[in-house]
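Since the structure comes first, as structure tokens, the remarks are kept for the end.
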Amino acid sequence: MATIPHPGLLEDMDDATASLIFQLQLEDSDRLAATSKGEGPSGQLSDAEIALRLYKTELENTATLVQDHQFASTLDPHGRETAIALGLMPPRREYPTPQNPQAAQIPGHTNVLDPNPAAESAPNEEDEPEPEPEPEPEPEPEIERSHCTSCMEMVDAKLIATTPCGHDYCQECLQDLFNRSFIDEELFPPRCCRQPILPESVQTALTPEIEQAYQAKKIEVESTNRTYCSDPDCSTFLPPTNIQDGVATCNLCETRTCTICKTAAHEGECPDDENSRLLKELATQEGWQSCPGCHRMVELTLGCYHMICLCRVHFCYLCQATPWKTCQCPQWDEDRLMGRAAEAVNAQNGGARAAQRPVLRVVLEMAEQLAGRHNCQHTRFRSLPGNHECQMCHERMSEWVYDCRQCHLQVCRNCRRNRL
Numbered sequence: 007m008a009t010i011p012h013p014g015l016l017e018d019m020d021d022a023t024a025s026l027i028f029q030l031q032l033e034d035s036d037r038l039a040a041t042s043k044g045e046g047p048s049g050q051l052s053d054a055e056i057a058l059r060l061y062k063t064e065l066e067n068t069a070t071l072v073q074d075h076q077f078a079s080t081l082d083p084h085g086r087e088t089a090i091a092l093g094l095m096p097p098r099r100e101y102p103t104p105q106n107p108q109a110a111q112i113p114g115h116t117n118v119l120d121p122n123p124a125a126e127s128a129p130n131e132e133d134e135p136e137p138e139p140e141p142e143p144e145p146e147p148e149i150e151r152s153h154c155t156s157c158m159e160m161v162d163a164k165l166i167a168t169t170p171c172g173h174d175y176c177q178e179c180l181q182d183l184f185n186r187s188f189i190d191e192e193l194f195p196p197r198c199c200r201q202p203i204l205p206e207s208v209q210t211a212l213t214p215e216i217e218q219a220y221q222a223k224k225i226e227v228e229s230t231n232r233t234y235c236s237d238p239d240c241s242t243f244l245p246p247t248n249i250q251d252g253v254a255t256c257n258l259c260e261t262r263t264c265t266i267c268k269t270a271a272h273e274g275e276c277p278d279d280e281n282s283r284l285l286k287e288l289a290t291q292e293g294w295q296s297c298p299g300c301h302r303m304v305e306l307t308l309g310c311y312h313m314i315c316l317c318r319v320h321f322c323y324l325c326q327a328t329p330w331k332t333c334q335c336p337q338w339d340e341d342r343l344m345g346r347a348a349e350a351v352n353a354q355n356g357g358a359r360a361a362q363r364p365v366l367r368v369v370l371e372m373a374e375q376l377a378g379r380h381n382c383q384h385t386r387f388r389s390l391p392g393n394h395e396c397q398m399c400h401e402r403m404s405e406w407v408y409d410c411r412q413c414h415l416q417v418c419r420n421c422r423r424n425r426l
């Protein structure tokens, strides 16, 4: 549908052309009205009918303006000035030029050639300064991330500490490794790839409490004849600085402990301790042995008679000779060797999901292989799929485990890195 021309458009159009345009538009509206349905059953006009009538009314009003303009032109040779005076035509628009940049402008229009148009405010009113644009916020820098060897997650590189072997640990995993080593002496000192992790090398990732606990644990591990508080509810390690004249005093509960018999402090010779006697009887029945270094009870569950205690003393399990291989004892117990060989073959066949028991011939071959490699240093591993138990921490690995290629020791990832 054609649009209604604004009267301002007539200034560039002669009267005959304007009359012809409006006449054609009025004829178009009449044809549209003839093809419409008219009033509905309820006597109401549709939206289309209402719009059409409004459109025709606007056309008629504009056509009347054109006729008035034609009439004014017949009375005055300068018909435009008369029409402007009667309000029938808008004022003549004078466009600025480079020769006349200050040409008069119609109110509401801006001189496009004037770089500093006058404000529409009162002449005596000072212009308000325009507010300075707010600076755009700088884009946040992309966070650099690194891979943690322990949890296998990508973390902020600022929270990463590198161990002497070159592996990266996040703060949470490294602190957890240190805290576990204070409880499980087999993990102390904290290490990765058999290289100790000293607190000063990863100081930014540790808390002062962890550093203090490390120093205390270091003194405990290096003590050859340890004394612990005789109060069962305390059992705190008593360092050599707390010992005087064979009696150690606990700083926590103030209990005094004899450093010889490890019971409560007493006068004279150490009395027979009933609990110690019962423990020795049980050790004899079960075949347990006492470490010649720290005197703790140890049990051989698999492997040869070469024992390595938590205190790092190497000794023979049969005669407690230290160092290892200074006695004439055999290296293996045949029953334990066959049990270890059957366990290794079963692990290679799928672990807990093995369909059947291993064949005797395969077990004998594995036993011969293990006997020749009992001093394995565990330097080469392979991934063994299946449901297995780590033979060091005894955690169940549901998908896979590391298998030593020489002695077939099965260990989890953490034990391979931090326990061996």
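Just so we're on the same page, the working numbering is the position in the sequence shown counted from 1, plus 6.
We treat Cβ as the ideally placed atom computed from N, Cα and C, and that holds for glycine.
Fair warning: this is a prediction, and the values are worked out from it, not measured in the lab.
For this session: Sort out for me which residues DSSP pairs Tyr61 with in a bridge.
Result: Paired residues: none, contrary to the question.
For this session: Please report the residue range of the alpha helix (DSSP H) in which Glu321 lies.
Result: Residue identity differs from the one stated: residue 321 is Phe in this sequence, not Glu. Element bounds for Phe321: not the alpha helix (DSSP H) but the beta strand (DSSP E), His320 to Cys322.
Problem set entry | Whole alpha helix (DSSP H) elements within the segment 263-306, 4-residue minimum | 280-292
Exercise. Just how far apart, CA to CA, sit Trp406 and Cys256?
Worked result: 46 Å
Exercise. Hey, would you say Ala211 sits closer than 8 Å to Leu244, going by beta carbons?
Worked result: no
Exercise. Does the distance from the C-beta atom of Ala353 to that of Gln416 stay below 8 Å?
Worked result: yes
Problem set entry | Endpoints, the alpha helix (DSSP H) within which Asp341 is located | Glu340 to Gln354
Exercise. If we call anything under 8 Å between Cβ atoms a contact, is Thr233 one with Ala219?
Worked result: no
Exercise. Is Asp237 helix, strand or coil when you go by DSSP?
Worked result: coil
Exercise. Does DSSP put Ser156 in a helix, in a strand, or in coil?
Worked result: coil
For this session: Answer with buried or exposed for Asn424, where buried requires no fewer than 16 other C-beta atoms within 10 angstroms of its C-beta.
Result: buried
For this session: Measure the CB-CB distance between Thr247 and Ile203 and report whether it falls below 8 Å.
Result: no
Exercise. If you count every other CB in all the chains shown that lies within 10 Å of the CB of Lys3, and 16 or more means buried, which is it?
Worked result: No statement about residue 3 is possible, as the shown extent of the chain runs from 7 to 426 and does not include it.
Problem set entry | Burial state of Ala347, where buried means 16 or more other Cβ atoms lie within 10 Å | buried
Problem set entry | Alpha carbon of Arg388 to alpha carbon of Leu316, nearest angstrom | 27 Å
Exercise. Between the Cα of His272 and the Cα atoms of Ile166, Asp251 and Asn67, which residue gives the shortest distance?
Worked result: Asp251
Problem set entry | Residue span of the beta strand (DSSP E) that contains Asp409, given as start and end | Trp406 to Cys410
For this session: Report yes or no: do the segment 160-177 and the segment 143-152 share at least 3 C-beta pairs separated by less than 8 Å?
Result: yes
Exercise. Mind checking Gln295: buried by the 16 CB within 10 Å criterion, or exposed?
Worked result: buried
For this session: Give every residue of the same chain whose Cβ lies closer than 7 Å to the Cβ of Ile314, excluding the five residues on either side of it in the sequence, and list them in chain order.
Result: His320
Exercise. By DSSP, does Tyr311 sit in helix, in strand, or in coil?
Worked result: coil
Problem set entry | Simplified DSSP assignment, three categories, for Asp53 | helix
For this session: Could you pull the start and end residues of the beta strand (DSSP E) that Cys176 belongs to?
Result: Asp174 to Cys176
Problem set entry | Three-pair Cβ contact test at 8 Å for the segment 138-149 versus the segment 171-188 | no
For this session: Might you give, ordered along the chain, the residues of its own chain that have their beta carbon closer than 8 Å to the beta carbon of Cys333, omitting 5 neighbours on each side?
Result: Cys322, Leu324, Cys325 and Ala327
Exercise. Contact check, Cys199 vs Cys157 under 8 Å by CB: the rounded distance?
Worked result: Between Cys157 and Cys199 the Cβ distance is about 17 Å, and since that is not below 8 Å, they are no contact.
Exercise. By DSSP, does Asp36 sit in helix, in strand, or in coil?
Worked result: helix
For this session: Have a look at the DSSP bridge pairing and note the partners of Thr168.
Result: Asp174
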